[in-house]
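Trainee: Dropping a structure here in structure tokens format, bear with me for questions.
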Amino acid sequence: ENLTLYGTDDADELVGGGGDDSLFGGKDDDVLYGQGGDDALFGEKGEDTLYGGAGDDTLDGDKGKDTLYGGAGDDMLDGGKDDDILSGGAGDDTLLGNKGEDELVGGTGDDTLVGGKDDDILSGGAGDDTFIFGGKSGDDTILDYQKGEELRFEGKGFSEDNISVANNGDHAIITFGGKGGKGIEVTVNNDDMANMSYSTSMDPDDGSLVVTFDDAG
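In structure tokens:
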């Protein structure tokens, strides 16, 4: 059975079942549990906590400082507005910080992390992760970069001609010249960064700039 549950204007706790459920928190600070199945959880207003559980779930925090846990499965997490915490858990997850200063943790699996606007903290976890940045990303930090993982810069203003990379031993700082990339800075942390060099390429399909770090030489 697939359930559709709606919260009230008060602080609610909504619990799905084993089917593909849809949970809507409503106003106030809600807690939503998807449990089994491919669920869709919407925190809506308030500072909400969303647990996807098993299955390929979609979690949308919307307004408020929300905390989203994907759990098992290939999940899609969108923090929405304000400063959110997103944790993908197991599976190949996609984490979208959106607006606010967010913290994104991919967990196990090959995850895609998109900080969005403002200054975000990104941690891919185990797996071959991809980090995506745009023209309004702000000053973002990758805590646990692994050799060969892709950083993708999407939009106008990102090219192989205007990128600048400063290697500082245990981290590298990426900045861009020109109007499109102005004000964007990405700090890439890895204890072995001093022994790495970076390479760039342009993706012919979407025009994004791809940056990777790997062993020097």
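Under this note's numbering, think of the first position of the sequence shown as 37, with each following residue one higher. Heads up, the beta-carbon is just placed ideally off N, CA and C, and yes, glycines get one too.
Residues in the same chain with beta-carbon distance under 8 angstroms from Thr164, minus the five sequence neighbours each way, listed in chain order, please.
Mentor: Counting from one through the sequence shown, the residue named residue 164 turns up at place 128. The sequence shown places Asp at residue 164, rather than the Thr named in the question. Excluding residues within five positions, the ones whose Cβ falls inside 8 angstroms are Asp146, Gln182, Gly184, Glu185.
Trainee: Just the Cα atoms here: how many angstroms apart are Thr144 and Gly91?
Mentor: Start at 1 with the first residue of the sequence shown, and residue 144 comes out as number 108. Start at 1 with the first residue of the sequence shown, and residue 91 comes out as number 55. Thr144 and Gly91: Cα-Cα distance of roughly 15 angstroms.
Trainee: Return the chain-ordered ranges of every beta strand (DSSP E) run that is complete within the region 95-172 and spans a minimum of 3 residues.
Mentor: Correct list: 103-105, 112-114, 121-123, 130-132, 139-141, 148-150, 157-159, 166-169.
Trainee: What number of angstroms, rounded off, separates the C-alpha of Asp56 from the C-alpha of Arg188?
Mentor: For this step, residue 56 is matched to residue 20 along the sequence shown. For this step, residue 188 is matched to residue 152 along the sequence shown. Straight-line Cα distance between these residues: approximately 33 angstroms.
Trainee: I'd like to check one pair, Asn134 with Gly116: are the Cβ atoms closer than 8 angstroms?
Mentor: Position 80 of the sequence shown, counted from the first residue, corresponds to residue 116. Position 98 of the sequence shown, counted from the first residue, corresponds to residue 134. For Gly116 and Asn134, yes; Cβs fall inside 8 angstroms.
Trainee: Can you tell which of Lys81, Thr130, Gly106, Phe78 has the C-alpha that lies nearest to the C-alpha of Tyr87?
Mentor: On the sequence shown, residue 87 is found 51 positions in, with the first residue counted as 1. Closest option to Tyr87, Cα to Cα, is Gly106.
Trainee: Sorry if obvious, but does the Cβ on Asp155 come closer than 7 angstroms to a heavy atom of the ligand NAP?
Mentor: Absent from the structure shown: the ligand NAP. Ligands present: none.
Trainee: Compare the C-alpha of Ile121 against each of Gly142, Asp75, Ala108 and name the closest.
Mentor: Counting from one through the sequence shown, the residue named residue 121 turns up at place 85. Taking only the C-alpha atoms, the option nearest Ile121 is Gly142.
Trainee: Quick check on Ala76: does DSSP put it in helix, strand or coil?
Mentor: Sequence index remark: in the sequence shown, residue 76 carries index 40 (1-based). Correct three-state label for Ala76: strand.
Trainee: Output the distance between the C-alpha atoms of Asp114 and Leu95, rounded to the nearest integer angstrom.
Mentor: Indexing the sequence shown from 1 puts residue 114 at position 78. Indexing the sequence shown from 1 puts residue 95 at position 59. Looking at the two C-alpha atoms, the distance is approximately 6 angstroms.
Trainee: To the nearest angstrom, report how far apart Lys218 and Phe194 are at their CA atoms.
Mentor: For this step, residue 218 is matched to residue 182 along the sequence shown. For this step, residue 194 is matched to residue 158 along the sequence shown. So the alpha carbons of these two residues sit roughly 10 angstroms apart.
Trainee: Can the beta-carbon of Ala47 be found less than 8 angstroms from the beta-carbon of Asp65?
Mentor: Position 11 of the sequence shown, counted from the start, is the residue given in the question as residue 47. Position 29 of the sequence shown, counted from the start, is the residue given in the question as residue 65. Yes, Cβ-Cβ distance for Ala47 and Asp65 is below 8 angstroms.
Trainee: For Tyr69, which option in Thr40, Asp180, Gly191 has the closest C-alpha, if you only look at C-alpha atoms?
Mentor: Translated into positions along the sequence shown, residue 69 becomes position 33. Checked all of Thr40, Asp180, Gly191; the closest Cα to Tyr69 is Thr40.
Trainee: For the putative contact between Asp138 and Asp156, defined by C-beta atoms under 8 angstroms, what is the C-beta separation to the nearest angstrom?
Mentor: Stepping through the sequence shown from its first residue, residue 138 is reached at position 102. Stepping through the sequence shown from its first residue, residue 156 is reached at position 120. The pair is a contact, with the Cβ atoms about 5 angstroms apart (cut-off 8 angstroms).
Trainee: Could you name the residues of the same chain whose beta carbon sits closer than 6 angstroms to that of Asp176, not counting the 5 residues immediately before and after it, in chain order?
Mentor: Along the sequence shown, read from residue 1 onward, the residue named residue 176 stands at position 140. Once the five neighbours on either side are set aside, the close Cβ partners of Asp176 are Gly151, Asp156, Val222.
Trainee: When burial is assigned at 16 or more other CB atoms within 10 Å of the CB, is Ala208 buried or exposed?
Mentor: Position 172 of the sequence shown, counting from 1, holds the residue named residue 208. So Ala208 ends up on the buried side.
Trainee: Express the C-alpha separation of Ile178 and Gly62 in angstroms, rounding to a whole number.
Mentor: Reading the sequence shown from its first residue, position 26 is the one you call residue 62. Reading the sequence shown from its first residue, position 142 is the one you call residue 178. Computed Cα separation, rounded: 33 angstroms.
Trainee: Counting C-beta neighbours from all protein chains within 10 Å, is the total for Gly253 16 or more, i.e. buried, or is it exposed?
Mentor: Position 217 of the sequence shown, counted from the start, is the residue given in the question as residue 253. Gly253 should be labelled exposed.
Trainee: Between the alpha carbons of Ala202 and Val51, how many angstroms are there, rounded?
Mentor: Position 166 of the sequence shown, counting from 1, holds the residue named residue 202. Position 15 of the sequence shown, counting from 1, holds the residue named residue 51. Their backbone Cα atoms lie some 48 angstroms apart in a straight line.
Trainee: Which residues in the same chain have their Cβ closer than 7 angstroms to the Cβ of Ala108, if we skip the five residues on either side of it in sequence?
Mentor: Counting from one through the sequence shown, the residue named residue 108 turns up at place 72. Correct list, in chain order: Ala90, Gly125, Ala126, Gly127.
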